[in-house]
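Worksheet: one structure, shown below.
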Amino acid sequence: MVRQTNPIPVTYPTDAYIPTYLPGDRVSNLADLKKLIEMDSRLDLYLTRRRLDTSINLPTNTKPNDRAPNSGTLRIYVYNTTENHTRNDSDSLADPGKTTWTLRIEGKLLHESAEEKHPFSGFLEGIAIDFKKLKPLSRKRKHDSLLSLPLSLQQPDGNDADIAMGDEDTGENEEEDDDDESKKEIVDALEWNHDENNAVEFDGIDIKRQGKENLKSSITIQLKSVNSGKVQYSPNLARLIGMRTGSVKDAVYSIYKYILINNLFVTEQTKSQDNANDAENNNENNSNTSDADDDGDDDDEGGDASQDKAELGEVRLDSFLQKVLNTKATHVPLMNVVQSINTLVSPLPPIKLDYTIDVTKDTTYGATILDVDVSHILHQPQLQPQIPKDEQTDAEDAAKLREITKLALQLNSSAQKYQFLHELSLHPRETLTHYLWSSKQNELVLQGDQYFNEDAARTSDIYSNSNDDRALMDNISVLYSQGRL
3 MVRQTNPIPV TYPTDAYIPT YLPGDRVSNL ADLKKLIEMD SRLDLYLTRR
53 RLDTSINLPT NTKPNDRAPN SGTLRIYVYN TTENHTRNDS DSLADPGKTT
103 WTLRIEGKLL HESAEEKHPF SGFLEGIAID FKKLKPLSRK RKHDSLLSLP
153 LSLQQPDGND ADIAMGDEDT GENEEEDDDD ESKKEIVDAL EWNHDENNAV
203 EFDGIDIKRQ GKENLKSSIT IQLKSVNSGK VQYSPNLARL IGMRTGSVKD
253 AVYSIYKYIL INNLFVTEQT KSQDNANDAE NNNENNSNTS DADDDGDDDD
303 EGGDASQDKA ELGEVRLDSF LQKVLNTKAT HVPLMNVVQS INTLVSPLPP
353 IKLDYTIDVT KDTTYGATIL DVDVSHILHQ PQLQPQIPKD EQTDAEDAAK
403 LREITKLALQ LNSSAQKYQF LHELSLHPRE TLTHYLWSSK QNELVLQGDQ
453 YFNEDAARTS DIYSNSNDDR ALMDNISVLY SQGRL
């Protein structure tokens, strides 16, 4: 007689397992439940296949017409404003010691709708600003550097005015002299990095300092990196694709299309053609001497043997593809081509620019403008926001799940009763005999602690008798079902 166990609680009703011994004609709606589970599995399989087909066939931009032109362009403004600066044309005298300037870096998304506004900080991973000042060399160091200049010992022809000791600057060496006599020194620095735990939103960064002289600065802007987003291609790979930046998927697809168009896959036809060309070339090159012919034939046989064992998905590399993949091999597996693409791409470099703070103007707004493509950040797949659940809805769901579990237990109990009565109606004598024997065995197992101690149970020969294995398993099952194991 088969023993039943309680059903395992499941998350969804369609995930339940229907025992085979349940009679379909006695349990109401059991056939409908089986059809529901079958249709649910078929629907899941169909949706999975359609989702894969859609992700492969559809382009990355599924709705190009719904967005405005240049909607993925971020315009960055870099300018400065000056306050209390002395000017020649001003009537009032300003205090030079109170001259201040403010450097501002702000960004705006072009063609942005009023409903969906994106702050400038949402596109940034970090910003670093270094303020540099030309620091002249000391007078003693300048004098020592002039004495170290090489002098000609020959008297030049003409007047003595041609002899220069380095005090006068010429037009050709003006930039070199400036580099030698002075150096750039970072006098101030500022850095901001995005923090996920303490996120802030802003449309611009203002740096206010005091000073009356022009100051050079170096600005580094690092955009956010997106998984499987934009990357920078190597020069040879960019020549093949026609773009300097893009995604890894685009690079794989472009190389695959190049292989298909140029018929670079190794097949039986291409192998036979290559073998014929190699044999013809060997015959032409080695037709002078018989020894050379023999060597050439041996080489051909070795080449044929190696080419007959061409790997499935093997690709024949032409000269251009060898340059792109940076390899000298002529035949490589297709998977090696795909794996080597990861070495041909690199993350997008940060935006670097040199800006000179001009304190002679009230504002330099509009003088330095950068347009950056941020479509890969805007259109990245975002996680669905978690909808806050209502406590009442959660309570109702929990009550329904408990009711379903209770009904499943009742169904299992009814199935056990039906199975016993069905067996009793077909074979009454055998069923009652087995029932009495099973009840007696269960009683002996439950009362086993009254007649045996632990040492007697360990030294018993019940474990050495192979005929009692089934009875032992039945006893263990009873103890397990009673919760005593």
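Each residue of the sequence shown is one higher than the last, beginning at 3 in this note's numbering. C-beta atoms are modelled at their ideal positions from N, C-alpha and C, and glycine is treated no differently. The structure displayed is predicted, hence computed values, not measured ones.
**Prompt:** For Ser441, which of Glu425, His424, Asp476 has the nearest alpha-carbon?
**Reply:** Asp476
**Item:** C-beta atoms of Leu192 and Phe125 nearer than 8 Å
**Value:** no
**Prompt:** Looking at C-alpha atoms only, which residue of Thr332, Gln421, Asp252, Leu481 is the closest neighbour of Thr22?
**Reply:** Among Thr332, Gln421, Asp252, Leu481, the Cα nearest to that of Thr22 belongs to Gln421.
**Request:** Output the residue ranges of the beta strand (DSSP E) runs that lie fully inside the segment 325-388 and measure 3 residues or longer, sorted by chain position.
**Result:** 333-335, 353-359, 370-375
**Request:** Using a threshold of 8 Å, state whether the C-beta atoms of Lys134 and Lys218 are closer than that.
**Result:** yes
**Request:** Measure the Cβ-Cβ separation of Ile107 and Asn216 and say whether it is below 8 Å.
**Result:** no
**Message:** Can you look up Lys36 in the DSSP assignment and give me helix, strand or coil?
**Reply:** Lys36 carries a helical assignment under DSSP once its states are collapsed to helix, strand and coil.
**Item:** Best match in Leu380, Leu423, Leu481, Ser416 for proximity to Leu448 [C-alpha to C-alpha]
**Value:** Leu481
**Request:** Spatial neighbours of Leu266 within its chain, please: CB distance less than 6 Å, with the 5 preceding and 5 following residues excluded, ordered by chain position.
**Result:** Residues of the same chain with a CB within less than 6 Å of the CB of Leu266, apart from the 5 flanking positions on each side, are Val317, Arg318 in chain order.
**Item:** Neighbourhood of Asn195 by C-beta, 6 Å cutoff - its chain only, sequence neighbours within 5 removed
**Value:** Gly128
**Asked** How far does the beta strand (DSSP E) with Ile209 in it reach, from first residue to last?
**Response** 206-212
**Request:** With DSSP as the reference, label Lys259 as helix, strand or coil.
**Result:** helix
**Request:** Could you check what DSSP says for Leu192 in three-state terms: helix, strand or coil?
**Result:** Of the three classes helix, strand and coil, the one that applies to Leu192 here is strand, per DSSP.
**Request:** Going by DSSP, name the residue or residues bridged to Lys135.
**Result:** Glu187
**Alpha-carbon to alpha-carbon, Ala417 and Glu40** = 22 Å
**Request:** Tell me where the alpha helix (DSSP H) around Tyr81 begins and ends.
**Result:** Note, Tyr81: premise wrong, no alpha helix (DSSP H); beta strand (DSSP E) at 75-85.
**Asked** How big is the Cα-Cα spacing for Ser348 and Glu398?
**Response** 52 Å
**Item:** Asp84 versus Leu346, Tyr367, His436, Glu425, residue with shortest Cα-Cα distance
**Value:** It is Thr, not Asp, that sits at residue 84 in the sequence shown. Taking only the C-alpha atoms, the option nearest Thr84 is Tyr367.
**Message:** For Glu114 and Gly248, I'd like the C-alpha separation in whole angstroms.
**Reply:** 23 Å
**Request:** Within its chain, find whatever has a CB closer than 6 Å to the CB of Ser342; leave out the 5 residues flanking it on each side and keep chain order.
**Result:** Only Leu327 meet the Cβ criterion.
**Message:** Suppose you measure from the CA of Glu187 to the CA of Lys100; what does that come to, to the nearest Å?
**Reply:** 24 Å
**Request:** Give a yes or no on whether the minimum CB-CB distance between Asp42 and chain B is below 8 Å.
**Result:** Looking at the structure shown, chain B is missing, and only one protein chain is on hand.
**Request:** Under the assumption that Thr102 contacts Asn86 (Cβ atoms under 8 Å), give the Cβ distance between them as a whole number of angstroms.
**Result:** Confirmed, Cβ separation roughly 6 Å.
**Request:** Quick one: give me the first and last residue of the alpha helix (DSSP H) that Lys419 is part of.
**Result:** 393-428
**Prompt:** Which whole-angstrom value describes the C-beta separation of Arg246 and Tyr258, a residue pair presumed to lie in contact below a C-beta threshold of 8 Å?
**Reply:** Not confirmed; about 20 Å, so no contact.
**Asked** How many Å lie between Gly206 and Phe122 at the Cα?
**Response** 7 Å
**C-alpha distance - Thr332 paired with Asp55, whole-angstrom precision** = Their backbone Cα atoms lie some 33 Å apart in a straight line.
**Message:** Only counting the same chain, and skipping five residues up and downstream in sequence, which positions put a Cβ closer than 6 Å to that of Gln212?
**Reply:** Counting only Cβ-Cβ distances below 6 Å, and skipping sequence neighbours, we find Thr102.
**Boundaries (first-last residue) of the beta strand (DSSP E) holding Arg106** = Its beta strand (DSSP E) spans residues 102-111.
**Prompt:** Using the rule of at least 16 other Cβ atoms within 10 Å of the residue's Cβ for burial, across every protein chain shown, is Tyr255 buried or exposed?
**Reply:** Per the 10 Å Cβ criterion, exposed.
**Item:** 8 Å contact criterion, which Thr75 and Asp320 should meet: CB distance rounded
**Value:** About 38 Å separates the two Cβ atoms, so there is no contact after all.
**Prompt:** Which one or two residues does DSSP pair with Val233 in a beta bridge?
**Reply:** Gly248
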